[in-house]
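Trainee:
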Amino acid sequence: MEEQEDNQDYTFKFILWLILFLVFGIIIITCKQESEDYIITVNGPVLSSQTGVALTHEHILVDFISADSTGYFRWDKDSVIKKALPFVKGAGNKGVLTIFDCSPAYLGRDPVILKRLSEETGINFITNTGYYGFNNIHLPAEFYALSTDKLAEIWIDEFKNGIDGTGIKPGFIKIAVDPADNLAPKDIKLITAAALTHLATGLTIASHTGPDKPAFEQIEILKKNGVDPSAFIWVHAQQSSPEKNIEAAKAGTWISLDNIRNRPEVKSGDPSSLEWYANRIAELKKQGLLNKVLISHDSGWYDPAKPDGGPFNGFTDIFEFFLPLLKEKGFTQEEIDLILVKNPQEAFKVKVRPYLTQNK
307 MEEQEDNQDY TFKFILWLIL FLVFGIIIIT CKQESEDYII TVNGPVLSSQ
357 TGVALTHEHI LVDFISADST GYFRWDKDSV IKKALPFVKG AGNKGVLTIF
407 DCSPAYLGRD PVILKRLSEE TGINFITNTG YYGFNNIHLP AEFYALSTDK
457 LAEIWIDEFK NGIDGTGIKP GFIKIAVDPA DNLAPKDIKL ITAAALTHLA
507 TGLTIASHTG PDKPAFEQIE ILKKNGVDPS AFIWVHAQQS SPEKNIEAAK
557 AGTWISLDNI RNRPEVKSGD PSSLEWYANR IAELKKQGLL NKVLISHDSG
607 WYDPAKPDGG PFNGFTDIFE FFLPLLKEKG FTQEEIDLIL VKNPQEAFKV
657 KVRPYLTQNK
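Each number in the working numbering comes from the position in the sequence shown (counting from 1) with 306 added on.
1) DSSP state of F465, grouped into three classes?
2) Name the one or two DSSP bridge partners that H514 has.
3) With a cut-off of 8 Å on the beta carbons, I'd call S509 and V656 a contact; round off their distance for me.
4) On the DSSP letters alone, give me the boundaries of the beta strand (DSSP E) that L420 sits inside.
5) Which same chain residues, not among the five before or five after I335, have their C-beta less than 8 Å away from its C-beta?
6) Using C-beta distances below 6 Å, list every residue in its chain close to A500, excluding the 5 sequence neighbours before and after it, in chain order.
7) Excluding five sequence neighbours on each side, which residues of the same chain lie with their C-beta closer than 6 Å to the C-beta of D518?
8) Go through the region 540-571 residue by residue and report every complete run of the beta strand (DSSP E) that reaches 3 residues or more, in order.
9) Taking the CB atoms as reference points, tell me whether I462 and I345 lie closer together than 8 Å.
10) Is it buried or exposed for N467, if we count other Cβ within 10 angstroms and need 16 for buried?
11) For T357, name the three-state secondary structure that DSSP assigns.
12) Opposite G436 in the DSSP bridges: which residues?
13) If you follow the alpha helix (DSSP H) that I387 is part of, which residue opens it and which one closes it?
14) Considering D407, what are the terminal residues of the beta strand (DSSP E) in which it resides?
15) Please state whether DSSP places V329 in a helix, a strand or coil.
16) May I ask you to check if the CB of K633 is nearer than 7 Å to at least one heavy atom of the ligand COA?
17) Tell me the rounded alpha-carbon separation between V658 and G616.
18) What does a CB cutoff of less than 6 Å around V386 pick up in its chain, not counting 5 residues either side in sequence?
19) Bridge partners for P660 per DSSP, in chain order?
20) Going by C-alpha to C-alpha distance, which of L489, L528, G396 and I469 sits closest to T663?
21) In the DSSP assignment, find the unbroken alpha helix (DSSP H) run with L489 in it and report its ends.
22) Touch check for the region 586-600 and the region 347-354: three-plus C-beta pairs under 8 Å?
23) What three-state label does DSSP hand L509 in the structure shown?
24) Quick one: what's L631 bridged to in DSSP?
25) With a threshold of 16 other CB atoms inside 10 Å of the CB of E425, please say whether the residue is buried or exposed.
26) What would DSSP say about F637, mapped onto helix, strand or coil?
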């Protein structure tokens, strides 16, 4: 009888320990998963470690007509996919695993097209939330009546619930400001709303900017709103000087050199030439800032206003022409992987990056 009770007691203890082991195991796995960095693709979250070679600034579709005239009715999804698919596959053949599509709302954003291209090719596509303020015509009419808080709420809602009823969520914030010496009120509203959206979502802010004065003004507005410069991508930073690129990178800003294409008609060393871009990156490397550099083609550009979408620029020039040039200049494969793999992972991971003045 005592032996039977001992066996029952042993069985009970064994089951209890097994349950505790399983519970703690689940907790540990869950905590580990929550602590791992991720980005948000059109198919949902993906671990940053799985994004591979990434192109951080491309456009499958851009509709240049004004915000009050654009809409999904302006293009046929099947036609866009048919035109873009060979070029996306071409990028995949060069090892690209991830493409960030920078066409914002009211300028040709179509997350369903990106999702279908992703399903066809296995390449991660990331879409965005935010508005394009450059030249004003791509801002919806209601923009000017919205408070900054209400504007941020629209973008935060897309992050939480998806875009236009598709369920597809944005993986970064895309805005654009005018390249003026001083930001206009509408540009200040855009970058401030982007700051609020970042603090609520952890999405990185990519701002079509160009020259250095609007770039640094945006950085200061972000800091005043509690957002660290490491949450900010200075898009088209090639339009500024190397000194200003270096200054911004030292503050934590991402330097996006994003119009890298093979242009045989451009003299080597002239702005927009491959040689020029290679030299700019070399200057950042010399300052120990290669870990803040992003590169891309700024290519694609199916235009619904043109027959068959007009000419479509591919996504392979960096691999066919630019990387060999970098290697000629002494860049190692490890440094190239830093630019094309690790930097995009770090730049676009979903993480709130607060500006802590006591640490500055």
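Heads up, the beta-carbon is just placed ideally off N, CA and C, and yes, glycines get one too.
Mentor: With the structure as the only source:
1) As a first step, residue 465 must be located in the sequence shown, where it is residue number 159. In the structure shown, the three-state DSSP call for F465 is helix.
2) Numbered from 1 along the sequence shown, position 208 holds the residue referred to as residue 514. The partner list for H514 (beta bridge, DSSP) reads A482 and V541.
3) As a working note, residue 509 is residue 203 in the sequence shown. As a working note, residue 656 is residue 350 in the sequence shown. Rather than Ser, the amino acid found at residue 509 in this sequence is Leu. 6 Å between Cβ atoms; contact.
4) For this step, residue 420 is matched to residue 114 along the sequence shown. Element bounds for L420: not the beta strand (DSSP E) but the alpha helix (DSSP H), P417 to T427.
5) Locating residue 335 in the sequence shown gives position 29, where the first residue counts as 1. Note that I335 scores 38 on pLDDT, short of 50, meaning its location in the model is unreliable; the coordinates nonetheless yield the value given after this. Nothing listed; no residue qualifies.
6) The count along the sequence shown starts at 1 and reaches residue 500 at position 194. Excluding residues within five positions, the ones whose Cβ falls inside 6 Å are I479, I481 and I511.
7) Here residue 518 is taken as the residue at index 212 of the sequence shown, counted from 1. If we look at D518 and ignore the five residues flanking it on each side, its Cβ neighbours are S546 and K550.
8) 560-563
9) Your numbering for residue 462 matches position 156 in the sequence shown. Your numbering for residue 345 matches position 39 in the sequence shown. Against a cut-off of 8 Å, the Cβ pair of I345 and I462 comes out as no contact.
10) Taking the sequence shown and counting its residues from 1, one reaches residue 467 at position 161. By the 10 Å Cβ count, N467 comes out exposed.
11) Counting from one through the sequence shown, the residue named residue 357 turns up at place 51. Coil.
12) Here residue 436 corresponds to residue number 130 of the sequence shown, with the count starting at 1. In the DSSP output, where bridge partners are listed per residue, G436 has none listed.
13) In the sequence shown, the residue the question calls residue 387 occupies position 81. Element bounds for I387: K383 to N399.
14) Translated into the one-based positions of the sequence shown, residue 407 becomes position 101. Note, D407: beta strand (DSSP E), V402 to D407.
15) Here the question's residue 329 lines up with position 23 in the sequence shown. With a pLDDT of only 43 at V329, under 50, the local geometry of the prediction cannot be trusted, and the value read off the model is given with reservation. V329 carries a helical assignment under DSSP once its states are collapsed to helix, strand and coil.
16) This structure lacks the ligand COA, and indeed carries no ligand of any kind.
17) Sequence index remark: in the sequence shown, residue 658 carries index 352 (1-based). Sequence index remark: in the sequence shown, residue 616 carries index 310 (1-based). Rounded to whole angstroms, V658 and G616 show a C-alpha spacing of 39 Å.
18) For the purposes of this step, residue 386 is taken as the residue at position 80 of the sequence shown. Answer for V386: L367, I419 and Y608, listed in chain order.
19) Mapped onto the sequence shown, residue 660 falls at position 354. As a beta-bridge residue in DSSP terms, P660 pairs with V533.
20) Start at 1 with the first residue of the sequence shown, and residue 663 comes out as number 357. Nearest option by C-alpha distance: L528.
21) As a first step, residue 489 must be located in the sequence shown, where it is residue number 183. Looking at the DSSP string, L489 is not in any alpha helix (DSSP H), and its letter there is neither H nor E.
22) Flag = no, the region 586-600 and the region 347-354 do not touch.
23) Within the sequence shown, numbered from 1, the residue matching residue 509 stands at position 203. Of the three classes helix, strand and coil, the one that applies to L509 here is coil, per DSSP.
24) Within the sequence shown, the letter at position 325 stands for residue 631. Per DSSP, none; premise fails for L631.
25) If you number the sequence shown from 1, residue 425 lands on position 119. If you draw a 10 Å sphere on the C-beta of E425, you find fewer than 16 other C-beta atoms in it, and that means exposed.
26) Taking the sequence shown and counting its residues from 1, one reaches residue 637 at position 331. Correct three-state label for F637: coil.
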